[in-house]
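Enquirer:
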Amino acid sequence: MIELKNLTKKYGSFTAVDNIDLSVPDGELFGFLGPNGAGKTTTLRMIAGILQPTAGSIHLAGIDLASDPLAAKSQLGFIPDRPFIYEKLTGSEFLRFVAGLYGQDGDKVEHRGRELMALFDLEEWGDELVESYSHGMRQKLIISSAFIHRPQVIVVDEPMVGLDPKAARILKDLFREYVRRGHTIMMSTHTLEVAETLCDRIAIIQHGKIRSVGTIQDLRAEATGGGGLEEIFLKLTGERAARDAMEVLDA
Amino acid sequence: MTSELAIPAEVLPPREVAPSPGLFHVLSPKFLAAKARPLGKTDNKSGRLVLFALIGAVFWVFVFGLLYRLLKYFRGIPEIGALLAAKLLGLMFISLFGILILSNVVTALSSFFLAKDLDLLVAAPVDWLRLYGAKLLETTAHSSWMVVLVATPVLTAYGVIYEGGILYPLVAAGAIIPFLIIPAAIGSAVTLMLVNIFPARRTRDILSVIAILAAAGIVLIFRLVRPERLARPEGFRSLVEFISLLRTPTSPWIPSEWAAQSIMTWLRKDPEILSFYLLWSTAAFVVVLGAMLHRWLYARGFSKSQESGERWVRQGSLGRLVAKVLTPWGVMRRELVLKEMRLFFRDTTQWSQLILLTVLVVVYVFNIKFLPLRGEGVTFFLANVIPFVNLILAGFVLASIAARFIFPGISLEGRTLWLLRSSPLEMRQLLWSKFWVGTIPLLALALILVFATDVLLQVSDFMMLVSIFTITMMTFAIAGLALGFGALFPKFNTENAAQIPTSFGGLVLMMASVVLIGLVIVMEARPVYQYVGARYMKIEGDPVEMWLGFGGATLICLAATFVPIKIAVQRMKELER
């Protein structure tokens, strides 16, 4: 479970996240949508404990991140949007290292690591240095590392970037099965098709504020006029679709 | 309608070649970045500025003061004084030239082949000559700023003592500028050829090893020249022989000699235009040659440098052993230490520096062995004071090693901090792991170094004890400072780990280490000297002063160990990456 109360993040006079209240219960896959610069990544990085909120509170699996950060982070797996990892470790060593950060080791971890790498077709690459991995392979390795310690909550920033269609499909199945087992996932994405087919509920964030939150049906009703998520998104965020492309190209 | 995006042919402009952007346009992002963040992202810019200015001023005053006294002494010696000053300048310039060549070779690999802006620049219609010019300037600036920083107080001291006059700064600048350009052009050309010869990214590894071996070679050659002979004219058969050695140029075919000549002849009021001519014409020649090579080889080399890195690694038995030993300390600590070790030994740019380190240590012990500390004129006091000088020098060696290996620790975590910050790992734990991983080998080296040299010096048991105690405390303090400054002045976005120690933070660390070593030695020297003296005279020494001296030095070392790490932990907690 993830609970955000009055969550705010300011950079000087600029408010990146403005007084957000959200609650994502166990067993839910929650989508976070919004235009570029709306505050999605900032919110997710605050939940991951990387950024300090200016105000408000974050609870992960019922534990206050501010008062007991280590216990709260023990329940968390984070997948960032840019796959930066130690270039000079092998894939297997990286998974072992991440498990170690959560105090886990031994045969179970080794077995889990092998299974996760096999799931993403990385088993043959396990003993090779990360520096020889492609962007997509690094992303798959980071996704595997978020699952290695079996967290209660997973926070994902743009999971599909760089993944091939097969890996994208595997990831969707993995996420669905994971929440079916009672865990929580919160993910931001720009792929509206992914959000529409995968998420139980969706929040649309704009200028740091939650513009709308609910199931696809709720959002459709709010956007008055129905249509797919793309239309709903554009209506709710007030963006002009492909704004006057001809004009721009002629400029 | 937006669905009709097909653009009719007549709307398209006629095909034309875009004008190539100018050199300064290509370089403008660097200027803008430097202007926007001179001291890194910080809330406390003025505080840091004051710190920079203060430490920088202390360093400059120190170097200037040292040179001033030395040159004043030289000036007082008739006949050979000016020759000694010229020789000293020549030796200094040849060392700087060697450092510049190496530094440019390594920097050129980053700026010409691995920098992040290259994808954009190579894909844009940027003229090859402008790209070369921009990258050469960038390489020169990155490799040379520290040399300029060190040379300024040195050359100022020369100018003041030998009354260089109003035009002296211009003359010095006229000699220094081509002196910096020549190694930059040579270094860039060497890198360009290496990238074309060796496969892909292995070049970086090969380059590191070559650069380090070359540096080791320079140190050894410098040692073989035996510059200390100049300080002992009595060692020569006659004064004529000594003067003739002084008159011989250190290296007549190397630009360092021309630069030294340009400056010294001006200071001797006998300006010589030939040296300037040689400097500037050589600079122009190597830049033109470099540009031609660049045109011929760059596209192929750049393409090669984009190929992927090393793939396979072997699981070392050392790793398995360390894993076993560390198991009782918990999974998290074990994995952190193992990770540090793997990253270090698999990064050629890091471990290859051990070669240089070994050479430095060998040369150091060799120097001590050949010190004329026996026979006539060597008093009991001298033999016991020398160990303090030994401690100071060993301290400098340790500080430079800490700057190479411990200081970059935090910067190298930059891109992966997201992982550590989002995991239940305490920053305190991370920093202390880095501290111990760096300090244990450093301490082992420090103890071996001091023990070996003290045995060679045949010091008393008391002095041996003092030396071992002091170097142990200083090692902890220097490691603490290195880690602390590493967190205070991180370089998270660097493309080459070898460049981190030469950043401003690295310089501040070296200066702080010098201050620390000085303080510790000053606190200990007087009571030890008095104690040794009293024992020699067979009278009672003053134990209170001894306790105060050692107590003070210990307190300073403990503070320098714990305070920087405490500050670093706080800084890491506040860091938002």
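Chains as they are written, first to last, in the numbering used here: chain P, 7 to 257; chain B, 171 to 747. Using N, Cα and C, we set each Cβ at its ideal position, and we do this for glycine too. Note that the coordinates shown come from a computational prediction; the quantities given were computed from them, not determined experimentally.
Go ahead and label M707(B) buried or exposed: buried means 16 or more other beta carbons lie within 10 angstroms of its beta carbon, across all protein chains shown.
Expert: On the second sequence, position 537 is the one that residue 707(B) refers to. Classification for M707(B): exposed.
Enquirer: Mind checking which residues open and close the beta strand (DSSP E) that includes K215(P)?
Expert: Taking the first residue of the first sequence as 1, we reach residue 215(P) at position 209. 215-220 is the span of the beta strand (DSSP E), which, as asked, contains K215(P).
Enquirer: Roughly how many angstroms separate the alpha carbons of P348(B) and L444(B), rounded to a whole number?
Expert: As a working mapping, residue 348(B) is identified with position 178 in the second sequence. As a working mapping, residue 444(B) is identified with position 274 in the second sequence. So the alpha carbons of these two residues sit roughly 14 Å apart.
Enquirer: Using Cβ-Cβ distances below 9 Å, what residues of the region 172-184 of chain P are close to chain B?
Expert: The residues in question: there are none.
Enquirer: Would you mind reading off the limits of the alpha helix (DSSP H) that contains T724(B)?
Expert: In the second sequence, residue 724(B) corresponds to position 554, counting from 1. Where T724(B) is concerned, the enclosing alpha helix (DSSP H) stretches over 713-744.
Enquirer: Taking only beta-carbon positions, decide if G109(P) is within less than 8 Å of chain B.
Expert: Here the question's residue 109(P) lines up with position 103 in the first sequence. Interface residue, yes.
Enquirer: In terms of DSSP beta bridges, what is M192(P) paired with?
Expert: Counted from its first residue, the first sequence places residue 192(P) at position 186. Answer by DSSP bridge pairing, in chain order: F36(P), V161(P).
Enquirer: With which residues is S592(B) paired in a DSSP beta bridge?
Expert: Residue numbering aside, residue 592(B) sits at position 422 when the second sequence is read from its first letter. Note: S592(B) sits in no beta bridge, so no partner.
Enquirer: Less than 8 Å between the beta carbons of I160(P) and I191(P), yes or no?
Expert: Along the first sequence, one-based indexing puts residue 160(P) at 154. Along the first sequence, one-based indexing puts residue 191(P) at 185. Yes, they are a contact pair.
Enquirer: Less than 8 Å between the C-beta atoms of E308(B) and S273(B), yes or no?
Expert: As a working mapping, residue 308(B) is identified with position 138 in the second sequence. As a working mapping, residue 273(B) is identified with position 103 in the second sequence. No, the Cβ-Cβ distance between E308(B) and S273(B) is not below 8 Å.
Enquirer: Just checking: is the beta-carbon of R747(B) within a distance shorter than 8 Å of some beta-carbon in chain P?
Expert: In the second sequence, the residue the question calls residue 747(B) occupies position 577. With 8 Å as the cut-off, R747(B) counts as an interface residue toward chain P.
Enquirer: By the DSSP assignment, the beta strand (DSSP E) with V30(P) in it spans what residues?
Expert: What you label residue 30(P) is simply residue 24 of the first sequence in a count that begins at 1. From DSSP, the beta strand (DSSP E) with V30(P) extends over 20-30.
Enquirer: Tell me which same chain residues have a C-beta within less than 8 Å of the C-beta of F566(B), skipping the five on either side of it?
Expert: Locating residue 566(B) in the second sequence gives position 396, counting from the first residue. So the qualifying residues of the chain are S683, V684, I687.
Enquirer: Should the region 631-639 of chain B be regarded as contacting the region 611-622 of chain B, the criterion being three or more beta carbon pairs within less than 8 Å?
Expert: Touching, per the Cβ criterion.
Enquirer: What whole-angstrom Cβ distance do Q58(P) and E746(B) have, given they're in contact under 8 Å?
Expert: Numbered from its first residue, the first sequence carries residue 58(P) at position 52. Numbered from its first residue, the second sequence carries residue 746(B) at position 576. Contact flag correct, Cβ pair sits at about 7 Å.
Enquirer: Taking C-beta pairs closer than 9 Å, name the residues in chain B that P86(P) reaches, listed in chain order.
Expert: Within the first sequence, the letter at position 80 stands for residue 86(P). Chain B residues near P86(P): W588, L589, S592.
Enquirer: Which bits of chain B does Q58(P) rub up against, with CB to CB less than 7 Å?
Expert: Reading the first sequence from its first residue, position 52 is the one you call residue 58(P). Those within 7 Å of Q58(P) in chain B are E746.
Enquirer: Along the region 499-523 of chain B, where does the CB come closer than 8 Å to a CB of chain P? Name the residues.
Expert: Against chain P - using a Cβ distance shorter than 8 Å - the residues of the region 499-523 of chain B are G500, V501, M502, R504, E505, L506, L508, K509, R512, L513, R516, D517.
Enquirer: What does the Cβ neighbour count give for Q740(B), buried or exposed, with the cut at 16 atoms within 10 Å?
Expert: The residue you call residue 740(B) lines up with position 570 of the second sequence. Exposed, by the Cβ-count rule.
Enquirer: Within 10 angstroms of the Cβ of R574(B), are there 16 or more other Cβ atoms? Answer buried if so, exposed if not.
Expert: To locate residue 574(B), count along the second sequence from 1; it is residue 404. So R574(B) counts as buried.
Enquirer: Does the distance from the C-beta atom of T645(B) to that of T609(B) stay below 8 Å?
Expert: Here residue 645(B) is taken as the residue at index 475 of the second sequence, counted from 1. Here residue 609(B) is taken as the residue at index 439 of the second sequence, counted from 1. For T645(B) and T609(B), yes; Cβs fall inside 8 Å.
Enquirer: Note down the Cα distance separating V115(P) from G68(P), rounded to an integer number of angstroms.
Expert: Working through the first sequence from its first residue, we reach residue 115(P) at position 109. Working through the first sequence from its first residue, we reach residue 68(P) at position 62. Cα-Cα distance, rounded: 26 Å.
Enquirer: Among P323(B), A304(B), T497(B), which residue has its Cα nearest to the Cα of S198(B)?
Expert: Looking up residue 198(B) in the second sequence gives position 28. For S198(B), the nearest C-alpha among the options comes from A304(B).
Enquirer: For A695(B), I'd like the list of residues in its chain whose CB is within less than 6 Å of its CB, leaving aside the five on either flank, ordered along the chain.
Expert: Position 525 of the second sequence holds residue 695(B). Same-chain partners within the cutoff: F558.
Enquirer: Classify K79(P) as buried or exposed, calling it buried when 16 or more other Cβ atoms lie within 10 Å of its own Cβ.
Expert: As a working note, residue 79(P) is residue 73 in the first sequence. The residue in question, K79(P), is buried, as its Cβ has 16 or more Cβ neighbours within 10 Å.
Enquirer: Would you kindly check if the distance between the Cβ of L362(B) and the Cβ of L467(B) is under 8 Å?
Expert: Counted from its first residue, the second sequence places residue 467(B) at position 297. Counted from its first residue, the second sequence places residue 362(B) at position 192. Their beta carbons are under 8 Å apart, which means L467(B) touches L362(B) by this criterion.
Enquirer: Which same chain residues end up closer than 7 Å to Y332(B) when comparing Cβ atoms and leaving out the 5 residues on each side of it in sequence?
Expert: Taking the first residue of the second sequence as position 1, residue 332(B) is located at position 162. The answer, listed in chain order, is L437.
Enquirer: With a threshold of 16 other CB atoms inside 10 Å of the CB of I247(B), please say whether the residue is buried or exposed.
Expert: Start at 1 with the first residue of the second sequence, and residue 247(B) comes out as number 77. That one is exposed.
Enquirer: Give the residues of chain P in contact with E596(B), contact being defined as C-beta atoms less than 8 Å apart.
Expert: Here residue 596(B) corresponds to residue number 426 of the second sequence, with the count starting at 1. Ordered by position in chain P, the residues that pass the 8 Å Cβ test against E596(B) are L76.
Enquirer: Just mark T212(B) as buried or exposed, buried being the case when its beta carbon has 16 or more other beta carbons within 10 Å.
Expert: Along the second sequence, read from residue 1 onward, the residue named residue 212(B) stands at position 42. Reliability fails at T212(B), whose pLDDT of 49 lies under 50, so the model's placement of it is uncertain and no value is given.
Enquirer: To the nearest angstrom, how far is the alpha carbon of F536(B) from that of L626(B)?
Expert: Taking the first residue of the second sequence as position 1, residue 536(B) is located at position 366. Taking the first residue of the second sequence as position 1, residue 626(B) is located at position 456. Going by the C-alpha atoms only, they are around 10 Å apart.
Enquirer: Is it buried or exposed, L175(B), if we count other Cβ atoms within 10 angstroms and call 16 or more buried?
Expert: The residue given as residue 175(B) occupies position 5 in the second sequence. Low per-residue confidence applies at L175(B): pLDDT is 49, beneath 50, and the placement is therefore not dependable, though the value from the model is reported in the following sentence. Flag for L175(B) reads exposed.
Enquirer: Threshold first: 4 residues or longer. Then list the alpha helix (DSSP H) segments lying entirely within the region 273-337 of chain B, N to C.
Expert: Counting only runs of 4 or more, we get 288-293, 298-331.
Enquirer: Classify K286(B) as buried or exposed, calling it buried when 16 or more other Cβ atoms lie within 10 Å of its own Cβ.
Expert: Within the second sequence, residue 286(B) is the residue found at index 116, counting from 1. Per the 10 Å Cβ criterion, exposed.
Enquirer: Check whether chain P comes within 8 Å of R574(B), counting only Cβ atoms and requiring the distance to be less than that.
Expert: Your numbering for residue 574(B) matches position 404 in the second sequence. For R574(B), the answer is no, since every Cβ of chain P falls outside 8 Å of its Cβ.
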